[in-house]
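S.K.: Protein sequence lines correspond, in order, to chains L and F.
Quick note: to get our numbering, add 208 to the position in the first sequence (first position is 1).
Quick note: to get our numbering, add 72 to the position in the second sequence (first position is 1).
For every residue, glycine included, the Cβ atom is placed at its ideal position computed from N, Cα and C.
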Amino acid sequence: MLQIQGCEGDFVKKKDLLSIRKLKTYFFTYEGVVKALENVDLDIYPGETFGLIGETGCGKSITALSVMRLIQEPPGKIIDGQILFKGEDLLKKSEEEMQKIRGNEISMIFQEPMTALNPVYTVGDQIVEVLLLHKKFLGLSIRDIPKYNLLKRRKIKKKIYQEAFKEAIEALRLVQISDPEKVAKQYPHELSGGMRQRAMIAMMLACDPSLLIADEPTTALDVTVQAQILELMKELQKRKNTAIWLITHNLGIVAEMCDRVGVMYAGYIVEMGVTEKIFDNPDHPYTRGLMGAIPKITEEKEQLEIIPGTVPNLIYPPPGCRFHPRCKYAIDKCKQSPPPLVEVEKDHFVACHRYEEVKHSVVVKRERKA
Amino acid sequence: MIKSKKLEEFTKKHESKIKDIKHMLYLFRRSLLSMMGLILVLFVLLVAVFAPLLASQHPSFVEVTSERGTKRIEERWSINFDEKLLPPNSNHLFGTDDYGRDIFSMVVYGARTSLKICLLVVIVSTIIGVVLGSIAGYFGGKIDEIIMRVTDIFLSIPGLILALAVASALGRSIEHVMEALIFVWWPPYARIIRGQILSVRENQYVEAARSIGASSWRVLFKHVVPNSFSPLLVQITLDLGAVLLVAAGLSFIGVGATPGTAEWGLMISTGRMHMFHAWWYVTFPGLAIFITVLGFNLLGDGIRDVTDPRLRR
Numbered sequence: 209m210l211q212i213q214g215c216e217g218d219f220v221k222k223k224d225l226l227s228i229r230k231l232k233t234y235f236f237t238y239e240g241v242v243k244a245l246e247n248v249d250l251d252i253y254p255g256e257t258f259g260l261i262g263e264t265g266c267g268k269s270i271t272a273l274s275v276m277r278l279i280q281e282p283p284g285k286i287i288d289g290q291i292l293f294k295g296e297d298l299l300k301k302s303e304e305e306m307q308k309i310r311g312n313e314i315s316m317i318f319q320e321p322m323t324a325l326n327p328v329y330t331v332g333d334q335i336v337e338v339l340l341l342h343k344k345f346l347g348l349s350i351r352d353i354p355k356y357n358l359l360k361r362r363k364i365k366k367k368i369y370q371e372a373f374k375e376a377i378e379a380l381r382l383v384q385i386s387d388p389e390k391v392a393k394q395y396p397h398e399l400s401g402g403m404r405q406r407a408m409i410a411m412m413l414a415c416d417p418s419l420l421i422a423d424e425p426t427t428a429l430d431v432t433v434q435a436q437i438l439e440l441m442k443e444l445q446k447r448k449n450t451a452i453w454l455i456t457h458n459l460g461i462v463a464e465m466c467d468r469v470g471v472m473y474a475g476y477i478v479e480m481g482v483t484e485k486i487f488d489n490p491d492h493p494y495t496r497g498l499m500g501a502i503p504k505i506t507e508e509k510e511q512l513e514i515i516p517g518t519v520p521n522l523i524y525p526p527p528g529c530r531f532h533p534r535c536k537y538a539i540d541k542c543k544q545s546p547p548p549l550v551e552v553e554k555d556h557f558v559a560c561h562r563y564e565e566v567k568h569s570v571v572v573k574r575e576r577k578a
Numbered sequence: 073m074i075k076s077k078k079l080e081e082f083t084k085k086h087e088s089k090i091k092d093i094k095h096m097l098y099l100f101r102r103s104l105l106s107m108m109g110l111i112l113v114l115f116v117l118l119v120a121v122f123a124p125l126l127a128s129q130h131p132s133f134v135e136v137t138s139e140r141g142t143k144r145i146e147e148r149w150s151i152n153f154d155e156k157l158l159p160p161n162s163n164h165l166f167g168t169d170d171y172g173r174d175i176f177s178m179v180v181y182g183a184r185t186s187l188k189i190c191l192l193v194v195i196v197s198t199i200i201g202v203v204l205g206s207i208a209g210y211f212g213g214k215i216d217e218i219i220m221r222v223t224d225i226f227l228s229i230p231g232l233i234l235a236l237a238v239a240s241a242l243g244r245s246i247e248h249v250m251e252a253l254i255f256v257w258w259p260p261y262a263r264i265i266r267g268q269i270l271s272v273r274e275n276q277y278v279e280a281a282r283s284i285g286a287s288s289w290r291v292l293f294k295h296v297v298p299n300s301f302s303p304l305l306v307q308i309t310l311d312l313g314a315v316l317l318v319a320a321g322l323s324f325i326g327v328g329a330t331p332g333t334a335e336w337g338l339m340i341s342t343g344r345m346h347m348f349h350a351w352w353y354v355t356f357p358g359l360a361i362f363i364t365v366l367g368f369n370l371l372g373d374g375i376r377d378v379t380d381p382r383l384r385r
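#1: DSSP has residue 229/L in a bridge; who is on the other side?
#2: How far does the alpha helix (DSSP H) with residue 568/L in it reach, from first residue to last?
#3: For residue 280/L, count neighbouring C-beta atoms within 10 Å of its own C-beta (all shown protein chains included) and say buried if the count is 16 or more, exposed if not.
#4: Closer than 7 Å by beta-carbon distance: list the chain F residues that pair up with residue 456/L, in chain order.
#5: Let me check understanding here. Comparing Cα to Cα, which of 302/L, 545/L, 474/L, 377/L lies closest to residue 394/L?
#6: Considering residue 439/L, what are the terminal residues of the alpha helix (DSSP H) in which it resides?
#7: With 16 as the cutoff for other CB atoms within 10 Å, does residue 210/L come out buried or exposed?
#8: At the level of alpha carbons, what is the spacing between residue 343/F and residue 362/L?
#9: Strictly by DSSP, which residues pair up with residue 259/L?
#10: For a minimum of 4 consecutive residues, which ranges assigned as the alpha helix (DSSP H) are wholly contained in the region 316-343 of chain F?
#11: Going by the beta-carbon positions, is the gap between residue 261/L and residue 431/L smaller than 8 Å?
#12: Where residue 218/F and residue 278/L are concerned, what is the direct C-alpha to C-alpha distance, given to the nearest angstrom?
#13: In the DSSP assignment, the alpha helix (DSSP H) including residue 382/L goes from what residue to what residue?
#14: Find the nearest neighbour of residue 227/F within the set 248/F, 267/F, 242/F, 256/F, judged by alpha-carbon distance.
#15: Leaving aside the five residues before and after residue 424/L along the sequence, list all residues of the same chain whose C-beta is less than 7 Å from its C-beta, in chain order.
#16: Please report whether the beta-carbon of residue 80/F lies at a distance below 8 Å from any beta-carbon of chain L.
#17: Is the beta carbon of residue 531/L sitting closer than 8 Å to the one on residue 494/L?
#18: Among 392/L, 546/L, 492/L, 316/L, which residue has its Cα nearest to the Cα of residue 568/L?
#19: Of all the residues that make up the region 291-309 of chain L, which are near chain F by a beta-carbon distance shorter than 9 Å?
#20: For residue 422/L, name the three-state secondary structure that DSSP assigns.
#21: Where does residue 550/L sit, in a helix, a strand or coil, going by DSSP?
#22: Can you tell me whether residue 473/L is buried or exposed? The criterion is at least 16 other CB atoms within 10 Å of its CB, across all chains shown.
#23: Can you confirm whether residue 320/L, when its beta carbon is compared against all beta carbons of chain F, has any partner nearer than 8 Å?
#24: Assign residue 349/F to buried or exposed, taking buried as 16 or more other Cβ atoms, counted over all protein chains shown, within 10 Å of its Cβ.
#25: Quick check on DSSP: helix, strand or coil for residue 347/F?
#26: Taking residue 518/L as the reference, which of 225/L, 329/L, 254/L, 264/L has the closest Cα?
#27: Under the rule that 16 or more other beta-carbon atoms within 10 Å means buried, what is residue 501/L, buried or exposed?
#28: Which of the three DSSP states is assigned to residue 355/L in this structure?
#29: Does any residue of chain L have a CB that is nearer than 8 Å to the CB of residue 95/F?
#30: Taking residue 397/L as the query, report the chain F residues whose CB atoms sit under 8 Å from its CB, ordered along the chain.
#31: Please state the DSSP three-state secondary structure of residue 127/F.
#32: Using a Cβ cut-off of 9 Å, which residues of the region 208-219 of chain F contact any Cβ in chain L, in chain order?
#33: Is the beta carbon of residue 29/F less than 8 Å from the beta carbon of residue 197/F?
#34: In chain F, what lies closer than 7 Å to residue 379/L by C-beta?
#35: So, helix, strand or coil for residue 328/L, using DSSP?
#36: Cβ of residue 320/F within 8 Å of Cβ of residue 361/F?
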């Protein structure tokens, strides 16, 4: 049994691509301090698909934005913690260093393909922008251009742009857009939602990042397109060996796509482990509740099990374990100290004082009111 | 053959851009008034550009030293008292003034002065307003507070009185009027663009642009500002007319152009003494102001209709 807290130094495995330790992000608002993230620990391995699930407002997106260092400051601030990416702490990097990582090593696709592309530029131009920011063409990057005199600049710029545009078209071809030459010259409003999300993926994978954060990439798409996009992401992952960090509240997608899953509740990772384990045999009471809330076609139920209560107000979070007011296993200890995230078996972490009891208890069906 | 091939290549290369422009033109054509505005503005522009070809008399430019010792170029028109206050005839299309100068030529050259004033004032204030307003809106916090409070201070300065003060302190000239106008004209632009940026920066493509590793300045001026520009564009076009009116008004009360310059406001000012026996003296410069301002206003309305999707019918 290995505790994560307090011994991150020797615990961090060499093979980790990204490991977050004790990440604490607060938002200082007029009403008070929103403690959005409180001790988030998670690991993502190279080339895997990691799913982060949880209710709306539990801090999934904030975790991702913290990793990208894109938290708006003020009001947000990363108070404490470590974000190790390839062994380097991202929180210690300067803004310029982060700019070289964003889009190049870590990139992010967003929920709304309708608004995630800039309406005033063509799709091709937007992909070219990523490429020009991070890659060299003909041995030159755009940062070298100011070295030349004004007459030469235009020519060089044009040449570099043309090269980058060719590569942008290739990137579009890779995401299975038919007629990429034409699409590259079209504006986002001329494309359908699925096409836009493909273009977005093309843009974010153009520089072969080692980590792709997908923040609810398919929520805004209809089901058939959803399946296509997920299929595409899987295929590109295989080809480019990119780790995908999938943030979603759609448990079906997680079961389908992910190797490992992390479950978040009110700013804490409450359980983390291999997908099958989490889905079939969850140890944390919250995860149990979450899984119980999935309608199953094989079971006949008149009412789905629900978790009583609501997500706590993060300005005044409950003391101790943040889940205790809603937890039927709660004891006094839960009200006093937050449980640490503990490795209960290999690659399975749970943050609960009573996980042993929870593990051995049969899921008691709540009595339904008549 | 070669030419048509090149043209074909060109159209193919810029296919989507051409489509965009065509769509704008289509919307523009549907609204007759804005088309009229465009024609009027183009007409005035052409008159200003080809003034030397159109006019029968031409001004000479001399360098003068003012009583304060500063040198500047002044416009001089030849005086001919034999022909003073002639009504419109074949030689003098718009008649002559009390010094025998051809009013048609002066109105034509006046278009240059007027356009120079309104374009320069509006462009320079736009640049100041956009830079300050977008920085305030995008970075927010203390920077925003400081810039916007400074803007408020500038907004509280009455433009006409400032222009009067500047003219009496530095001497009467068009340049001083322009400086005074720029001084008071940029704050509304800063406010408009700040408001726009506050809403545009919340868009996901701004976050996306940051997540690909673009720097704040790049995000601001490449992704945010172009998306917040259209309300400002309308304001700019409408303001071109407004600046022209204010400048003409200042010249009329004797603050703007120096006497002897072909400036519409000044011509009306001197012409009003002869209004009852020489109607042409005030009428034609007045018409020129009327046409130009009307043109800019109609064009501004047209641009708003084209760029604002909610107003597209």
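M.R.: By the coordinates alone:
#1: Reading the first sequence from its first residue, position 21 is the one you call residue 229/L. BP columns for residue 229/L point to 290/L.
#2: Taking the first residue of the first sequence as 1, we reach residue 568/L at position 360. Here the alpha helix (DSSP H) through residue 568/L covers 563-568.
#3: If you number the first sequence from 1, residue 280/L lands on position 72. Within a 10 Å sphere around the beta-carbon of residue 280/L sit fewer than 16 other beta-carbons, which makes this residue exposed.
#4: By one-based count along the first sequence, residue 456/L stands at place 248. By Cβ distance, chain F contributes nothing, its closest Cβ being about 17 Å from residue 456/L, past 7 Å.
#5: The residue you call residue 394/L lines up with position 186 of the first sequence. That would be 377/L, whose Cα lies nearest to the Cα of residue 394/L.
#6: Along the first sequence, one-based indexing puts residue 439/L at 231. Taken as a continuous stretch (DSSP letters only), the alpha helix (DSSP H) holding residue 439/L covers 431-448.
#7: Your numbering for residue 210/L matches position 2 in the first sequence. Unreliable positioning characterises residue 210/L in this predicted model, as indicated by a pLDDT of 43, which lies under 50. The coordinate reading is nonetheless provided below. Looking at its Cβ environment, which holds fewer than 16 other Cβ atoms inside 10 Å, residue 210/L is exposed.
#8: Counting from one through the second sequence, the residue named residue 343/F turns up at place 271. Counting from one through the first sequence, the residue named residue 362/L turns up at place 154. When only Cα atoms are considered, residue 343/F and residue 362/L end up about 53 Å apart.
#9: In the first sequence, residue 259/L corresponds to position 51, counting from 1. Answer is 454/L, 469/L.
#10: 336-343
#11: What you label residue 261/L is simply residue 53 of the first sequence in a count that begins at 1. What you label residue 431/L is simply residue 223 of the first sequence in a count that begins at 1. In this structure, residue 431/L does not lie closer than 8 Å to residue 261/L by Cβ.
#12: On the second sequence, residue 218/F is found 146 positions in, with the first residue counted as 1. On the first sequence, residue 278/L is found 70 positions in, with the first residue counted as 1. Distance between the alpha carbons of residue 218/F and residue 278/L: 25 Å.
#13: Within the first sequence, numbered from 1, the residue matching residue 382/L stands at position 174. That run of the alpha helix (DSSP H) goes 358-382.
#14: As a position in the second sequence, residue 227/F is number 155, starting the count at 1. For residue 227/F, the nearest C-alpha among the options comes from 256/F.
#15: Your numbering for residue 424/L matches position 216 in the first sequence. Closer than 7 Å at Cβ, skipping near neighbours: 319, 455, 456.
#16: In the second sequence, the residue the question calls residue 80/F occupies position 8. It does not; no Cβ of chain L falls within 8 Å.
#17: For the purposes of this step, residue 531/L is identified with residue 323 of the first sequence, where counting begins at 1. For the purposes of this step, residue 494/L is identified with residue 286 of the first sequence, where counting begins at 1. For residue 531/L and residue 494/L, yes; Cβs fall inside 8 Å.
#18: The residue given as residue 568/L occupies position 360 in the first sequence. With respect to the C-alpha of residue 568/L, the residue from 392/L, 546/L, 492/L, 316/L having the closest C-alpha is 492/L.
#19: The residues in question are 303, 304, 306, 307, 308, 309.
#20: Stepping through the first sequence from its first residue, residue 422/L is reached at position 214. Strand, per DSSP.
#21: Counted from its first residue, the first sequence places residue 550/L at position 342. Strand, per DSSP.
#22: One-based indexing of the first sequence puts residue 473/L at position 265. So residue 473/L ends up on the buried side.
#23: Locating residue 320/L in the first sequence gives position 112, where the first residue counts as 1. Chain F, which has a Cβ nearer than 8 Å to the Cβ of residue 320/L, makes this yes.
#24: Position 277 of the second sequence holds residue 349/F. Residue 349/F comes out exposed.
#25: As a working note, residue 347/F is residue 275 in the second sequence. In this structure, residue 347/F counts as coil in the three-state DSSP scheme.
#26: As a working mapping, residue 518/L is identified with position 310 in the first sequence. Ranking 225/L, 329/L, 254/L, 264/L by Cα distance to residue 518/L puts 264/L first.
#27: The count along the first sequence starts at 1 and reaches residue 501/L at position 293. The residue in question, residue 501/L, is exposed, as its Cβ has fewer than 16 Cβ neighbours within 10 Å.
#28: Here the question's residue 355/L lines up with position 147 in the first sequence. Helix.
#29: Locating residue 95/F in the second sequence gives position 23, where the first residue counts as 1. It does not: the Cβ of residue 95/F has no partner Cβ on chain L nearer than 8 Å.
#30: Reading the first sequence from its first residue, position 189 is the one you call residue 397/L. Here the premise fails: no neighbours, minimum Cβ distance about 10 Å.
#31: Here residue 127/F refers to the residue found at position 55 of the second sequence. Three-state result, residue 127/F: coil.
#32: 212, 213
#33: Look at the range of chain F in this structure, 73 to 385, and you will see that residue 29/F is not part of it.
#34: Locating residue 379/L in the first sequence gives position 171, where the first residue counts as 1. Ordered by position in chain F, no residue passes the 7 Å Cβ test against residue 379/L, which lies about 13 Å from the chain.
#35: In the first sequence, the residue the question calls residue 328/L occupies position 120. In the structure shown, residue 328/L sits in coil (DSSP, three-state: anything other than H, G, I, E or B).
#36: Here residue 320/F is taken as the residue at index 248 of the second sequence, counted from 1. Here residue 361/F is taken as the residue at index 289 of the second sequence, counted from 1. Cβ atoms of residue 320/F and residue 361/F: closer than 8 Å.
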